[in-house]
Amino acid sequence: MSRIWFAQPLETVATWWRIDRRDGVSLGFTTHDGDLWFDGLLHRAAPGMMPAAIRRSAGFDADSAEVDGAIAHDSISADDLAAGRYDGARVAVGLVDWQSLEHEAIYAGTIGSVTQDSDSFSAQLTSRKGDLARDPVPRTSPCCRADFCGQGCGLSAARFTHEGVLTAFDGTHNAVAFNSTATPAQLLGGELRWLEGPYAGIAMTIVALAGDALVLDQPLDRAMSAGMRARLKEGCDHTLATCASRFGNAVNFRGEPFLPGNDMVIRYGLPS
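Per our numbering, the sequence shown starts with residue 6, numbered consecutively.
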């Protein structure tokens, strides 16, 4: 957009921000006193929420931003913040002309840490420039570095994803049991995404087995009942033996299981 903002003594400009959560929910807000519809999303008036500060630089240093707000709007609740529904969500902040609806994004990033204090919250935003600080060069490892059914693995995620129905819930051991076509052993190390219930949309990792039940990495402190549906993705221990025997995918194995380790450096020759 070629518009120059704040070029006139009087402008009809408001701030907007958009939140795309990892569970597929998108929320839009604006500092205008009325709701605004643009970019395919209704941005609701939320004068209690304001970007505290936005710093942009021309270099490679990550830009910083922060959003402060009140937990007053129906779209943002203390329970959702505590459940981590906003962790890692994508955020865009910009300006909008509330008469012509011309708009432009001035910041894009993800939500990092969220702090909560009674009826208010503060979200620290991480700029996309932060990706430039990541080292893209892979390191050698005996196990596969690729994400299961992700880039480099080559297997279809749909093939190893199943829908299950909750049959038992054990809040003491943080374990759940499902009626599914996949066995618990196949699901170990995989992912569970709730489709119904108080955790709908939230993904959890299956870290252990308790008999036929699945132990999850996040606490289950809300009431749950049998019959709730979830999407279950099988897991992989990232070893060459499993990749070859269970999945028949050794050709795409991203690891070096036969590469000598650091202990080779301290070895010394022995007389024959």
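C-beta: ideal position from N, C-alpha, C; glycine also.
Could you tell me the boundaries of the alpha helix (DSSP H) in which Leu245 lies? The residue given as residue 245 occupies position 240 in the sequence shown. Leu245 -> alpha helix (DSSP H) spans 245–250.
Please identify the residue among Arg236, Ile207, Gly169 whose C-alpha is closest to the C-alpha of Asp84. Against the sequence shown, residue 84 aligns to sequence position 79. Minimum Cα distance to Asp84 is reached at Ile207.
Alpha carbon to alpha carbon, how far is Ala255 from Gly195? For the purposes of this step, residue 255 is identified with residue 250 of the sequence shown, where counting begins at 1. For the purposes of this step, residue 195 is identified with residue 190 of the sequence shown, where counting begins at 1. Going by the C-alpha atoms only, they are around 19 Å apart.
When DSSP labels each residue in this structure, what does Leu113 get in the three-state scheme? As a first step, residue 113 must be located in the sequence shown, where it is residue number 108. Note that residue 113 is Ala in the sequence shown, not Leu. DSSP places Ala113 in strand when its eight states are reduced to three.
CB of Ala110 within 8 Å of CB of Val119, strictly: Here residue 110 corresponds to residue number 105 of the sequence shown, with the count starting at 1. Here residue 119 corresponds to residue number 114 of the sequence shown, with the count starting at 1. Against a cut-off of 8 Å, the Cβ pair of Val119 and Ala110 comes out as no contact.
Suppose you measure from the CA of Ser31 to the CA of Gly39; what does that come to, to the nearest Å? In the sequence shown, the residue the question calls residue 31 occupies position 26. In the sequence shown, the residue the question calls residue 39 occupies position 34. Spanning the two alpha carbons is a distance of roughly 19 Å.
Whole-angstrom C-beta distance between Ile211 and Leu221, which should lie under 8 Å: Residue 221 sits at position 216 when you count from the first residue of the sequence shown. Residue 211 sits at position 206 when you count from the first residue of the sequence shown. Contact holds; Cβ gap of about 6 Å.
Could you tell me whether the region 158–178 touches the region 232–244, where touching means 3 or more Cβ pairs closer than 8 Å? yes
Where the alpha helix (DSSP H) containing Ala50 begins and where it ends: Against the sequence shown, residue 50 aligns to sequence position 45. Where Ala50 is concerned, there is no enclosing alpha helix (DSSP H), although the beta strand (DSSP E) it sits in stretches over 46–50.
Distance, Arg27 Cα to Ser230 Cα: Counted from its first residue, the sequence shown places residue 230 at position 225. Counted from its first residue, the sequence shown places residue 27 at position 22. Spanning the two alpha carbons is a distance of roughly 24 Å.
Under the three-state reduction of DSSP, which class applies to Arg23: helix, strand or coil? Position 18 of the sequence shown, counted from the first residue, corresponds to residue 23. If DSSP states are grouped into helix, strand and coil, Arg23 belongs with the strands.
Using only the alpha-carbon positions, how far apart do Phe263 and Pro147 sit? Stepping through the sequence shown from its first residue, residue 263 is reached at position 258. Stepping through the sequence shown from its first residue, residue 147 is reached at position 142. The alpha-carbon atoms of Phe263 and Pro147 are separated by roughly 7 Å.
Near Asp279, what residues of its chain come up, given a Cβ to Cβ distance below 7 Å and the 5 sequence neighbours on each side ignored? Residue 279 lies beyond the residue range present for the chain, which begins at 6 and ends at 277; the question has no answer from this structure.
Through-space distance from Ser250 to Cys158, alpha-carbon basis: Taking the first residue of the sequence shown as 1, we reach residue 158 at position 153. Taking the first residue of the sequence shown as 1, we reach residue 250 at position 245. Going by the C-alpha atoms only, they are around 15 Å apart.
On the CB-based measure, 16 or more other CB atoms within 10 Å of its CB, does Leu219 come out buried or exposed? Within the sequence shown, residue 219 is the residue found at index 214, counting from 1. Buried.
For Arg95, which three-state DSSP category applies? Stepping through the sequence shown from its first residue, residue 95 is reached at position 90. Three-state result, Arg95: strand.
Evaluate Arg227 with the Cβ neighbour count: other Cβ atoms within 10 Å of its Cβ, from every protein chain shown; 16 or more gives buried, anything less gives exposed. Along the sequence shown, one-based indexing puts residue 227 at 222. Exposed: under 16 other Cβ atoms inside 10 Å.
Assign Ile9 to buried or exposed, taking buried as 16 or more other Cβ atoms, counted over all protein chains shown, within 10 Å of its Cβ. The count along the sequence shown starts at 1 and reaches residue 9 at position 4. Exposed.
Distance check for Ile271 and Met233, CA to CA, integer angstroms please. Counted from its first residue, the sequence shown places residue 233 at position 228. Counted from its first residue, the sequence shown places residue 271 at position 266. Approximately 56 Å between the Cα atoms of the pair.
Would DSSP call Arg234 helix, strand or coil? In the sequence shown, residue 234 corresponds to position 229, counting from 1. Arg234 falls in the strand class under three-state DSSP.
Would Thr35 be called buried (16 or more neighbouring beta carbons within 10 Å of its own) or exposed? Position 30 of the sequence shown, counting from 1, holds the residue named residue 35. Per the 10 Å Cβ criterion, buried.
Taking the DSSP output, what are the residues bridged to Gly169? Against the sequence shown, residue 169 aligns to sequence position 164. Answer is Ala235, bridged to Gly169.
Contact check, Thr131 vs Thr115 under 8 Å by CB: the rounded distance? Along the sequence shown, read from residue 1 onward, the residue named residue 131 stands at position 126. Along the sequence shown, read from residue 1 onward, the residue named residue 115 stands at position 110. That pair is a contact at about 5 Å.
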